[in-house]
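What follows is a short report on a single structure.
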Amino acid sequence: MQFVAQTERMTAAPVAGRRRWSRDAVGVILIVAAGVAGYFLFPDSLALLTRIIAVALLVLSLDLIVGYCGVASLGQATLFGAGAYAAGIACVNGVTEPLTLIAIGAVAGAAAGLVMGAIMLRAHGLAQLVLSIAIVQLAHEAANKASAYTGGSDGLAGLFVGPLFGVFEFDLWGQTAYLFGLSLLVAVFIILKFVVSSPFGMLCRGIKEDPIRIRAMGAFVFPVLLKMFVISGAVAGTGGALAAISTQVVGLDSVSFELSANALVMLVLGGLGTLYGALIGTVIFMGFEHVVSAINPFHWMTMVGALLIAVVLAAPGGLSDLLDQISAGKKRNSGGRP
Amino acid sequence: MSDLFRVENLSKSFGGLAVSRNISLHMPAGERLALIGPNGAGKTTFVNLVTGQLKPSEGRVVLNGEDVTGLGAVRRVRKGLVRTFQVTRLFSEMTPEEHVTLTVLQREGRASRILGRFHGNSAIADEVADLLGALGLTEVARRRVREIAYGQQRLLEIAIALALRPKVLLLDEPAAGVPSSETPRIEQALERLPPSLAVLMIEHDMDLVFRFARRVVVLAAGEIIFEGLPSEVAANDKVREAYLGNYAHARNVA
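If you read the sequences in order, they're chains A and B. If you want the working numbering, it's the position in the first sequence, counting the first as 1, plus 16. If you want the working numbering, it's the position in the second sequence, counting the first as 1, plus 1.
Below is the structure:
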């Protein structure tokens with residue numbers, strides 16, 4: 017630079033970066049610990065816990081585009097469903113190796129993300145949100161109509177998944193499925209932590225706050241967002257494939273507006289743009305749903321609504337933000353995060 | 002022609018309303034040009050036309066002999082035509098260091114990489130540190146932007162622009178909104194801009210204009226009504242009239 021430094025230079029060591037790094041290491045250990053604890057504490061509910069992990073992948077994928085890019089979507093289950101059906105159809109047609117099925121789900125989700133992003137990113141704001149709803153409804157209807165491949169409203173059943181690494185059978189109690197899902201979640205989480213702290217992740221955050229500033233920095237916005245849609249699709253597709261493998265059935269609900277909307281609720285509950293929030297929100301929402309619906313099967317949704325209102329009013333940044341503030345030992349700042 | 006940057010007969014109208022009329026400008030390398038004019042004269046519209054945020058109805062924008070009129074805002078930035086904003090546009094949760102690092106990464110074509118750490122490159126870290134140091138932002142380099150003073154935010158706008166290694170820099174009121182105690186630092190930053198850079202500054206503060214500019218262009222109602230030395234501008238009848246039309250008591254300003 018022809019611009020000469022006259023003041024003293026900063027030390028180049030990225031201290032802040034290293035601190036963040038060790039924080040994330042602790043975070044990952046906590047996730048593993050919570051997962052293992054779940055395995056031993058609820059040995060009879062492993063199917064539910066595996067379902068929670070699959071949905072957590074969906075909510076993580078949603079956090080990538082809502083929390084990091086500022087693109088609101090009420091159609092994220094499109095990508096989840098694409099992964100679920102792709103893995104399911106492949107399985108019915110003789111592909112039984114679980115990791116291959118997960119890869120097929122991820123690729124299908126990424127492809128769906130590419131298409132969905134290309135459509136949604138044409139619009140902005142409310143129109144964009146409406147487009148996302150239209151897309152998930154169309155996908156739902158397509159899955160319903162193509163019953164020769166998807167089983168339609170009866171669902172796609174008869175998935176016989178081979179043993180993991182040729183050794184671990186998917187047992188009746190769901191132990192293999194759960195531990196497989198947990199490992200998958202941890203692996204995806206670590207990869208995503210790298211993605212969001214990369215230059216690309218920083219660029220996305222910039223786009224979320226001010227795309228005009230990003231353009232004035234000489235960066236195109238559309239290809240960056242589209243790339244995030246593809247990554248998001250791969251993550252959601254992984255979740256869908258995990259759901260298909262663990263339950264051995266793919267239903268129309270996996271590509272529904274309801275699942276999409278629930279995913280957004282879970283994300284808001286947990287907190288946007290941290291990845292941790294996505295996990296916390298999913299566990300709290302689905303755990304709460306499970307417990308309350310057992311106590312009162314008719315009014316459980318009312319209770320979930322009340323919980324959501326309480327959280328939004330008490331902690332606008334979501335539960336993860338609340339935990340952050342408690343652990344930092346400081347008072348809640350009145351403004352909250354914008 | 003030796004001009005680094007030329008604007009030829011630039012016009013813009015919204016419906017029947019002409020907001021820019023037949024504006025022509027030329028700037029050699031190293032130019033220090035101030036664009037002044039009463040409120041609503043079309044100064045920011047002009048910047049938007051030049052940088053590609055708006056499409057002109059007529060006319061051309063030529064950078065380094067190349068017609069860039071058909072290019073969008075991003076491509077013009079990549080060719081070296083860079084602006085700052087009248088109201089700062091910064092990322093409130095990011096630090097100045099992160100802003101400038103992101104900008105340098107973008108300039109190097111590495112900003113959309115998924116592999117690689119954001120702070121991983123020491124050459125880039127050095128460049129960022131130098132740039133922030135040169136603008137006196139070292140102390141706040143790792144504070145969030147929403148926590149630093151507005152004057153420092155304006156300096157950061159300039160740092161971001163310089164990180165792009167521009168050929169032509171358009172400063173849209175670089176001292177607007179800055180308390181007078183902090184304006185000397187802005188002025189100092191403007192004085193230290195790279196000598197070869199062509200700078201066009203929009204500014205209301207006439208003291209700053211007189212100290213900074215070698216040439217002044219006055220815009221009124223979307224038209225250039227004066228072009229010349231700073232010392233001549235106050236004596237010009239048309240300029241007086243333009244300002245008087247808006248401010249009845251501005252006799253001693255213009």
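In this text, a Cβ means the ideal position worked out from N, Cα and C, and glycines have one as well.
Considering only the alpha carbon of each residue, which of 154(B), 4(B), 19(B) and 32(B) lies closest to residue 230(B)?
For the purposes of this step, residue 230(B) is identified with residue 229 of the second sequence, where counting begins at 1. When each option's Cα is compared against that of residue 230(B), the closest is 32(B).
If contacts are defined as beta-carbon pairs under 8 Å, then residue 134(B) and residue 186(B) qualify, I think. What distance do you get, rounded to the angstrom?
Position 133 of the second sequence, counted from the first residue, corresponds to residue 134(B). Position 185 of the second sequence, counted from the first residue, corresponds to residue 186(B). In fact, because the Cβ distance is near 13 Å, the residues do not count as touching under 8 Å.
Quick one: does residue 234(A) have its CB under 8 Å from some CB of chain B?
Counting from 1 along the first sequence, the entry for residue 234(A) is found at position 218. Interface residue, yes.
Starting from residue 200(B), trace the beta strand (DSSP E) in both directions and tell me its first and last residue.
For the purposes of this step, residue 200(B) is taken as residue 199 along the second sequence, with counting starting at 1. Note, residue 200(B): beta strand (DSSP E), 199 to 203.
Look at the alpha carbon of residue 116(B) and the alpha carbon of residue 104(B), and state the distance between them as a whole number of angstroms.
If you number the second sequence from 1, residue 116(B) lands on position 115. If you number the second sequence from 1, residue 104(B) lands on position 103. If you take the alpha carbons of residue 116(B) and residue 104(B), they lie about 17 Å apart.
Are at least three pairs of beta-carbons, each pair with one atom in the region 160 to 168 of chain B and one in the region 39 to 58 of chain B, less than 8 Å apart?
no
If residue 334(A) sits next to residue 98(A), beta carbons under 8 Å apart, how far is it from one beta carbon to the other, in whole angstroms?
Taking the first sequence and counting its residues from 1, one reaches residue 334(A) at position 318. Taking the first sequence and counting its residues from 1, one reaches residue 98(A) at position 82. Not really, about 27 Å apart at Cβ, beyond 8 Å.
First and last residue of the alpha helix (DSSP H) that includes residue 320(A)?
The sequence position of residue 320(A) within the first sequence is 304, counting from 1. From DSSP, the alpha helix (DSSP H) with residue 320(A) extends over 316 to 330.
Residues of chain A with CB under 8 Å from residue 103(B), in chain order?
Counting from 1 along the second sequence, the entry for residue 103(B) is found at position 102. The contacting residues are 215, 218, 219, 222 and 233.
List, in order along the chain, the chain A residues whose C-beta lies closer than 9 Å to that of residue 91(B)?
For this step, residue 91(B) is matched to residue 90 along the second sequence. The answer, in chain order, is 225, 226 and 229.
For a contact meaning CB atoms closer than 9 Å, what does residue 243(A) contact in chain B?
Here residue 243(A) is taken as the residue at index 227 of the first sequence, counted from 1. Chain B residues near residue 243(A): 113 and 115.
Should residue 82(A) be flagged as near chain B, meaning a C-beta pair shorter than 8 Å?
The residue given as residue 82(A) occupies position 66 in the first sequence. For residue 82(A), the answer is no, since every Cβ of chain B falls outside 8 Å of its Cβ.
On the premise that residue 246(A) lies in contact with residue 130(A), defined as a C-beta separation below 8 Å, what is that separation, rounded to the nearest angstrom?
Indexing the first sequence from 1 puts residue 130(A) at position 114. Indexing the first sequence from 1 puts residue 246(A) at position 230. Distance from residue 130(A) to residue 246(A) at the Cβ level is roughly 5 Å; contact confirmed, criterion being Cβ atoms closer than 8 Å.
What does DSSP give as the partner residues of residue 28(B) in its beta bridges?
Here residue 28(B) corresponds to residue number 27 of the second sequence, with the count starting at 1. DSSP output for residue 28(B) lists 6(B) as bridge partner(s).
Going by other Cβ atoms of all chains shown within 10 Å of its Cβ, with 16 needed for buried, is residue 77(B) buried or exposed?
The sequence position of residue 77(B) within the second sequence is 76, counting from 1. That one is buried.
Would you report the Cα separation of residue 289(A) and residue 88(B), rounded to the nearest angstrom?
Reading the first sequence from its first residue, position 273 is the one you call residue 289(A). Reading the second sequence from its first residue, position 87 is the one you call residue 88(B). Going by the C-alpha atoms only, they are around 26 Å apart.
Taking residue 132(A) as the reference, give the member of 327(A), 310(A) and 148(A) with the closest Cα.
Counted from its first residue, the first sequence places residue 132(A) at position 116. Among 327(A), 310(A) and 148(A), the Cα nearest to that of residue 132(A) is on 148(A).
Return the first residue and the last residue of the beta strand (DSSP E) that residue 37(B) is part of.
Within the second sequence, numbered from 1, the residue matching residue 37(B) stands at position 36. 33 to 37 is the span of the beta strand (DSSP E), which, as asked, contains residue 37(B).
Determine the extent of the alpha helix (DSSP H) in which residue 206(B) is found, giving its start and end residues.
For the purposes of this step, residue 206(B) is taken as the residue at position 205 of the second sequence. Neither: residue 206(B) is in no alpha helix (DSSP H) and is coded neither H nor E.
Going by DSSP in three states, residue 242(B) sits in which element: helix, strand or coil?
Within the second sequence, the letter at position 241 stands for residue 242(B). Helix, per DSSP.
Consult DSSP for residue 221(A) and reduce its assignment to one of helix, strand or coil.
Here residue 221(A) refers to the residue found at position 205 when the first sequence is read from its first residue. Three-state DSSP puts residue 221(A) in a helix.
For the beta strand (DSSP E) holding residue 226(B), just list the boundary residues, first then last.
Within the second sequence, residue 226(B) is the residue found at index 225, counting from 1. 224 to 229 is the extent of the beta strand (DSSP E) around residue 226(B).
So which residues of chain A does residue 74(B) contact, with C-beta pairs closer than 8 Å?
On the second sequence, position 73 is the one that residue 74(B) refers to. When 8 Å is used as the limit between beta carbons, residue 74(B) is near these residues of chain A: 231 and 232, in chain order.
So the alpha helix (DSSP H) residue 280(A) belongs to, where does it begin and stop?
Numbered from 1 along the first sequence, position 264 holds the residue referred to as residue 280(A). Counting along the chain, the alpha helix (DSSP H) containing residue 280(A) begins and ends at 273 to 286.
Which same chain residues, not among the five before or five after residue 336(A), have their C-beta less than 6 Å away from its C-beta?
Here residue 336(A) is taken as the residue at index 320 of the first sequence, counted from 1. Contacts found: 286, 287, 290, 292, 293 and 296.
Can you give me the Cβ contacts of residue 48(A) inside the same chain, cut-off strictly under 7 Å, excluding the 5 residues immediately before and after it?
Residue 48(A) sits at position 32 when you count from the first residue of the first sequence. Result list for residue 48(A): 202, in chain order.
Within this structure, are the beta carbons of residue 338(A) and residue 69(A) separated by less than 8 Å?
Numbered from 1 along the first sequence, position 322 holds the residue referred to as residue 338(A). Numbered from 1 along the first sequence, position 53 holds the residue referred to as residue 69(A). No; because the gap between Cβ atoms is not below 8 Å, this pair is not in contact.
Assign residue 132(B) to one of three DSSP states: helix, strand, or coil.
Within the second sequence, the letter at position 131 stands for residue 132(B). Helix.
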